[in-house]
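Right under this line is the structure:
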């Protein structure tokens, strides 16, 4: 009989302790169950020594933003474009190593120019070194320069590197036809191979840019913008004067971004707004193609 009395007094005490000690874990938060029996007084409150964080699960109390939507719609496309850009630089490194027959930038001017462009675009050093080491062991590909006419009669030079000529040619024709363009011969005669030194143009007026071009020995200077809408200056010079012009600009206090050999048009084409948008859409589609290394054009916006 005495044992039963002790048990009856012991069970309510155990239940009260259990009500206070029972906790659940949800996404790292300790959640205390809601007590429905308000008549029971807990003698051993757990939260006096272990704080419990309240978690609101009601939709009306959720935060007013969606982090994943920002990652998906903003950061995702930027990362994809950055990855494609690095892949293009990898292909350009392969071309430079194959043509220069050297994986040492000190003895391969073309490779040195590509590496400088990679650094200007913040390509990781480890990725650059891996691309150089893998260039000589990579599968042999073929490089082609395609000529095309786009919307409004604009001219395009499309540099491609591929290991499947048939596939790349068909894909290129499909993209051109889809955007109202077609392959055409004779376009290359409207472009000249030049050296182009790209420098930061913030705070530099047009008059000062022209003075810098004359002092550095450049033939021309053009204003442009990068993908972040930052002002850039392109100093155009003869291929053999590329290194000299860059060194002169650095001595004049100009911070250069890159130096490379480019195709510069000597017959620019002005396009009205509608055809300009169509041409830019075509160039964007071509740039997204993995086999396309670079696209040059002679497009000039209509004033």
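In mature numbering (1 follows the signal peptide of the UniProt record, and there is no 0), the protein residues as written are -21 to -1, 1 to 282. C-beta atoms are modelled at their ideal positions from N, C-alpha and C, and glycine is treated no differently.
Pairing residue 178 with residue 233 gives a Cβ-Cβ distance under 7 Å. Apart from sequence neighbours up to five positions away, the residues of its chain that approach residue 106 with a beta-carbon distance below 7 Å are 65, ordered along the chain. Distance from the CA of residue 92 to the CA of residue 74, rounded to the nearest whole angstrom, comes to 12 Å. Following the DSSP letters along the chain, one finds residue 226 inside the alpha helix (DSSP H) bounded by residues 221 to 230. Across the structure, residue 103 and residue 67 are spaced so that their CA atoms are roughly 14 Å apart. Put simply, the backbone Cα of residue 174 is about 32 Å away from that of residue 146. When secondary structure is reduced to three states using DSSP, residue 127 falls in the strand class. Its Cα nearest to that of residue 121, the residue 141 stands out among 213, 141, 115, 167. By the neighbour-count definition (other C-beta atoms within 10 Å, threshold 16), residue 137 is a buried residue.
Judged by beta-carbon spacing, residue 265 lies beyond the 7 Å limit of residue 272, meaning their Cβ atoms are not closer than that value. Excluding the 5 residues flanking it on each side, residue 229 has same chain C-beta neighbours closer than 7 Å at 235, in chain order.
In this structure the segment 200 to 214 touches the segment 177 to 191; the number of beta carbon pairs closer than 8 Å is three or more.
Taken atom to atom, the span from the alpha-carbon of residue 79 to that of residue 139 is near 18 Å. Between the alpha carbons of residue 276 and residue 249 lies a gap of roughly 12 Å. The straight-line gap separating the alpha-carbon atoms of residue 96 and residue 237 is approximately 5 Å.
For residue 180, there is no enclosing beta strand (DSSP E), as DSSP marks it with neither H nor E. For residue 88, the enclosing alpha helix (DSSP H) begins and ends at 88 to 99. Residue 269 carries a coil assignment under DSSP once its states are collapsed to helix, strand and coil.
DSSP places residue 204 in the uninterrupted beta strand (DSSP E) bounded by 199 to 204. Under the three-state reduction of DSSP, residue 174 is assigned to strand. In the three-state reduction of the DSSP assignment, residue 166 falls in the helix class, which pools H, G and I. In its chain, beyond the 5 residues on either side, 72, 73, 76 have a beta carbon closer than 6 Å to the beta carbon of residue 114. Cβ contact annotation for residue 257 (same chain, cutoff 7 Å, sequence separation greater than five): 130, 158, 159, in chain order.
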